[in-house]
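Read the structure below first, then the notes.
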Amino acid sequence: MSNKYDVIVIGAGPGGYVAAIRCAQLGLKTACVEKWTSDAGKQVLGGTCLNVGCIPSKALLESSHKFEEAKHELDQHGIQVENPAIDVAKMMERKDTIVKNLTGGIASLFKANGVTSIQGTGRLLAGKQVEVTDTKGDTTVYEADNVILATGSKPVEIPPAPITEGYIVDSTGALEFDEVPKRLGVIGAGVIGLELGSVWARLGSEVTVIEAQDTFLSLVDQQIAKEALKQFKKQGLDIKLKAMVTGTDIKRGLINVSYKDSKGAQELKVDKLIVGVGRSPVTDGLLAPDSGVNLDERGFIFVDEHCQTDVPGIYAVGDVVRGPMLAHKGMEEGVMAAERIAGQKTQVNYECVPGVIYTHPEIAWVGQSEEQLKADGVDYNVGICPFAANGRAMAANNTAGMVKVLADSKTDRVLGVHIIGQNASELITQAVIAMEFGSSAEDLGLTMFAHPTLSETFHEAALAVGGHAIHIANKKKRK
Amino acid sequence: MSTEIKAPTFPESVADGTVATWHKQPGEQVARDELIVDIETDKVVLEVVAPDDGVVEEIIKNEGDVVLSGEVIGKFKAGATGSSAKATESKPESSSEKATADESGVASSDIIMSPAAKKLVEENGLNPKDVNATGKDGRLTKEDVVNHLESKKSVAQSAPAEKTAQASEPVPAANIPQGERAEKRVPMTRLRASIARRLLDASQSTAMLTTFNEVNMKPLMELRKQYKDLFEKTHNGTKLGFMSLFVKAAAEALKRFPAVNASIDGDDIVYHGYQDIGVAVSTEKGLVVPILRDADMMSLATIEGTIKQFGQKAKDGKLTIEEMTGGTFTISNGGVFGSLMSTPILNPPQTAILGMHKIQERPMAVNGEVVILPMMYLALSYDHRMIDGKEAVQFLVTIKELIEDPARILLEI
């Protein structure tokens, strides 16, 4: 087997495996290097997303949501359920099966497309050579005409709360508790902290979230963020803002968390503590000093708008480069890199990257928030429709939340759509497609939406931009 | 790969031009050698053609904007595919179709319109072919129609004499009437007129000539490479550029050659005991020169920060008269536009001006060997009534030496 490839991809997460499959589809001889090895010594594909990120968290969110419904909502439908209980081991087993199916799925896709899988830790040398160290420690050097770096990111650790097995965990550990913690602390009210906090809160934990910033979800449209905070508080999450953790002390099986808020020094006792303060790019040991690839000032691999690094023919995609750390962004960048290598002129539209938080209600957005438009001095109109006005939402007993559409006041072009509510993650794609085609709010108003659906709320919000929604009273234009 | 669309090099004695007509819009496909934009100067209309097959990516200078010779006016992407030119075809087609055009009949077969765009087109009696489409793959969006209607309104208001404007016929958004040997008369803006007057004054009332030298930029580039991150971090995000070092070198050289720092007032020579160095900034309306007061006492970070602020103020048109008067020396950088060598014109009543140019790698003879070095030509234009050739040359040599060995600026040697 020759050691030369047209493309070598380092990393088999969403950025890497998608790039590898696309390269192979385009007729390029492709190999994908992945270092993740299971305890049994087998290679594990899929990266963070499939194994300890997107997929397992969604599986647990789904299970815990069903439990919540069984405990609190089924009786509204006339369904009697006696004392529902949660079998954590079974829930975890289901999650593990799903993960195994998907990672196995990637292995099949690699085979089907002719991607060679190389097990080991990849390192980029000079001259586009990739040195792979296998599980035994032996190294092999491969030659490539092109390289795609997709090594992803890892959870950030903070000194006041060092990862301590069985007590202080990161997101990976939070997906593996073997019982429901009585009291759970979460550091960081970001996407990861809120989702994982939600899972265990629904299963019965008393959850306290400690967030250092004084605004909740500062990157989300603030009207939506305020509604979210209200909903989470109603669900029993105790969210403390402007609170900074100063230290942790484990004594007699409990964690004493010391933190400082606007009132002074505080203490919190919890059984388990999740650290969800952010993620940083994985570049340790990846780049030989003469590889030619450089990092930017924040430690990400430096790339241009086509994900090309400083070396022609070497690309980097996903969490290891600038931009929102989202699997779908990594995937589309992987496709772009593969197609560029094949000579196509593919681009990623960074203006239309949707963001989603999979709590309940879900939060999803694409484009600019009101705050961003105000800061840029853009004149805009707003259209809002609450799910409480929607028949389908009522039928599903899920009337929390709203859809908000922001459009340019002169041209009516849709500039941003923000949703909080059931199925926001699905509904947002309608907005992404519309914005990709330069849709105006009026266009959405002139489009027929099926009835009765949650999507109609999007339709009504678009009509509300122009002041003529049908199913809600239209507010006077506000600025 | 994106390349720049530049205004062509203007003929001698032409200071600047105006963008007359963009024949191609962003997203539009162009063939090699196809006409993209017309630039109008005092003497002649210059044509800019596409360097290759591709797509106009971005328009940076709009119709009516003033541009300098070689200035970047847009971006071009070679090899890309874009929308075909249906929507911006010029008048001859639309005028022949005017009589028989049934808007919806003609349109729906050719151009894809969003629902709202279609509605607006019909309500306003437009021919969709006349509207510039910027949607994906040439689709017409509501935004396109709204913009078209607005520009139609402003064309109708500003050019009532246009022969071709008739009630039912849609008028494309061009500013110059089409036809044979067309002319466009635009009065000079006051700024333009004032710049013109001062330039004429400088060349007529001074004995101006220029001395050249070249400087090896490698030491400075190494210095910058080594320290730029630390600089940026220490100085709150202010970036380390070359301008600040040139200003510092100039300030030091001015101290050693006071004649270069002096000005003429009637029959007197005024020697200034301070260095107020003006930095020329190019704006859409013309060249303005805000002054760095006591430049010799400013730190590099302060100089960089102030220049950046001036640039922003100039762009916003917010520079005050005080900020632009009273300098003792001026530095002008034509290199950012690609100028390799030039003879800058004095900024009266100053007696000298330093011209910086493009840094270009050239083979140089160093110790009998050929070495590739990043070189910059320097030009010092000076008033020979005040400054002798020897002083001017040595002043310029001093700047060269200081730049080639930046430690000398610090050590004042």
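Going down the list, the sequences are from chains P and D. The first sequence stops at residue 479 when you use our numbering, and every number in between is there. The second sequence stops at residue 892 when you use our numbering, and every number in between is there. Just so it is clear, CB atoms sit at the ideal spot from N, CA and C, and this is done for glycine as well.
Can you list the residues of chain D that residue i reaches, using a CB-CB cut of under 8 angstroms?
i, result
"arginine 413/P", "Thr620, Lys621, Glu622"
"leucine 446/P", "Pro594, Ala595, Lys598"
Just confirm the distance between the C-beta atoms of residue i and residue j, as a whole number of angstroms; I'd bet it's less than 8 angstroms.
i, j, result
"glycine 466/P", "glycine 15/P", "About 40 angstroms; that fails the 8 angstroms criterion."
"serine 723/D", "isoleucine 782/D", "4 angstroms"
"glutamine 422/P", "alanine 462/P", "Between alanine 462/P and glutamine 422/P the Cβ distance is about 19 angstroms, and since that is not below 8 angstroms, they are no contact."
"glutamate 179/P", "valine 88/P", "6 angstroms"
"isoleucine 420/P", "isoleucine 428/P", "No, isoleucine 420/P and isoleucine 428/P are not in contact; Cβ-Cβ is about 11 angstroms, not under 8 angstroms."
"phenylalanine 894/D", "phenylalanine 736/D", "This structure cannot speak to residue 894/D, because chain D is shown only from 480 to 892."
"isoleucine 118/P", "alanine 31/P", "5 angstroms"
In this structure, how does DSSP classify residue i when only helix, strand and coil are distinguished?
i, result
"alanine 831/D", "strand"
"histidine 471/P", "coil"
"phenylalanine 789/D", "helix"
"threonine 457/P", "helix"
"asparagine 812/D", "strand"
"aspartate 256/P", "In the sequence as presented, aspartate is not what sits at residue 256/P; that position holds asparagine. Correct three-state label for asparagine 256/P: strand."
"glutamine 80/P", "coil"
"lysine 154/P", "strand"
"alanine 886/D", "helix"
"glycine 120/P", "coil"
"alanine 510/D", "coil"
"proline 14/P", "helix"
"cysteine 385/P", "strand"
"aspartate 310/P", "coil"
"histidine 328/P", "helix"
"proline 281/P", "strand"
"valine 610/D", "coil"
"glycine 817/D", "coil"
"leucine 286/P", "coil"
"isoleucine 590/D", "coil"
"asparagine 349/P", "coil"
Starting from residue i and walking both ways along the alpha helix (DSSP H), at which residues does that stretch end?
i, result
"glutamate 697/D", "The sequence shown places lysine at residue 697/D, rather than the glutamate named in the question. Run containing lysine 697/D: 697–713, per the alpha helix (DSSP H) assignment."
"threonine 877/D", "868–883"
"alanine 59/P", "54–72"
"asparagine 113/P", "88–113"
"tryptophan 200/P", "191–202"
"glutamate 436/P", "424–436"
"glycine 445/P", "441–445"
"threonine 172/P", "171–174"
Find the residues of chain D that neighbour residue i, judging by a C-beta separation of less than 7 angstroms, and give them in chain order.
i, result
"aspartate 443/P", "Ser593, Pro594, Ala595, Lys621"
"proline 100/P", "At residue 100/P the sequence reads lysine, which differs from the proline that was named. Those do not exist, as lysine 100/P stays about 40 angstroms from chain D at its closest Cβ, beyond 7 angstroms."
Using the beta-carbon of each residue, which ones in chain D are nearer than 9 angstroms to residue i?
i, result
"glycine 438/P", "Ser593, Thr613, Gly614, Lys615, Arg618, Thr620, Lys621, Glu622, Asp623"
"glutamate 297/P", "Asp708, Glu711, Lys712"
"lysine 410/P", "Glu622, Val625, Asn626, Glu629"
On the DSSP letters alone, give me the boundaries of the beta strand (DSSP E) that residue i sits inside.
i, result
"phenylalanine 725/D", "From DSSP, phenylalanine 725/D is part of no beta strand (DSSP E) but of the alpha helix (DSSP H) over 722–735."
"glutamine 839/D", "838–845"
"leucine 896/D", "With chain D covering 480 to 892 only, the question about residue 896/D has no answer from this structure."
"tyrosine 5/P", "4–10"
"glutamine 129/P", "129–133"
"valine 180/P", "That residue, valine 180/P, is in no beta strand (DSSP E); it is neither H nor E in DSSP."
"proline 594/D", "Here proline 594/D belongs to no beta strand (DSSP E); instead the alpha helix (DSSP H) covers 594–602."
"serine 481/D", "481–485"
"tyrosine 402/P", "According to the sequence displayed, residue 402/P carries methionine and not tyrosine. Element bounds for methionine 402/P: 402–408."
"serine 742/D", "742–744"
"isoleucine 552/D", "551–557"
Check the Cβ of residue i against every Cβ in chain P and list those closer than 7 angstroms, keeping chain order.
i, result
"glycine 558/D", "Lys345"
Handout entry: Contact between the segment 823–843 of chain D and the segment 545–556 of chain D (3+ Cβ pairs under 8 angstroms)
Key = Of all C-beta pairs linking the segment 823–843 of chain D to the segment 545–556 of chain D, fewer than three are shorter than 8 angstroms, placing the two stretches out of contact.
Handout entry: Validate contact between the segment 174–193 of chain P and the segment 281–294 of chain P using beta carbons, cut 8 angstroms, 3 pairs
Key = no
Practice task
Say whether the segment 134–150 of chain P touches the segment 244–262 of chain P, bearing in mind that this needs 3 or more beta-carbon pairs closer than 8 angstroms, one atom from each stretch.
Solution key: No: the two stretches stay apart, fewer than three of their Cβ pairs being nearer than 8 angstroms.
Exercise for the section: Decide yes or no for the touch test of the segment 25–39 of chain P against the segment 162–169 of chain P: beta carbon pairs closer than 8 angstroms, at least 3 of them. Expected result: no
Problem - contact_flag[the segment 371–389 of chain P, the segment 429–438 of chain P] where n(CB pairs < 8 angstroms) is 3 or more - result: Three or more Cβ pairs closer than 8 angstroms define a contact, and the segment 371–389 of chain P falls short of that threshold against the segment 429–438 of chain P.
Exercise for the section: Decide if the segment 99–111 of chain P is in contact with the segment 40–60 of chain P; the criterion is three or more beta carbon pairs, one per stretch, under 8 angstroms apart. Expected result: In short, these stretches touch, since the Cβ pair count reaches three.
Problem - Three-pair Cβ contact test at 8 angstroms for the segment 855–874 of chain D versus the segment 702–715 of chain D - result: no
Problem - Touching by the beta-carbon criterion (3+ pairs, under 8 angstroms), the segment 759–766 of chain D and the segment 697–706 of chain D - result: Too few Cβ pairs lie closer than 8 angstroms, so no.
Problem - the segment 684–692 of chain D touching the segment 835–844 of chain D, judged by at least three CB pairs closer than 8 angstroms - result: Not touching, per the Cβ criterion.
Handout entry: Inter-stretch contact (C-beta, 8 angstroms, three-pair minimum) for the segment 607–621 of chain D and the segment 589–598 of chain D
Key = yes
Exercise for the section: Could you say if the segment 358–376 of chain P and the segment 194–202 of chain P meet the contact criterion of at least three C-beta pairs nearer than 8 angstroms? Expected result: yes
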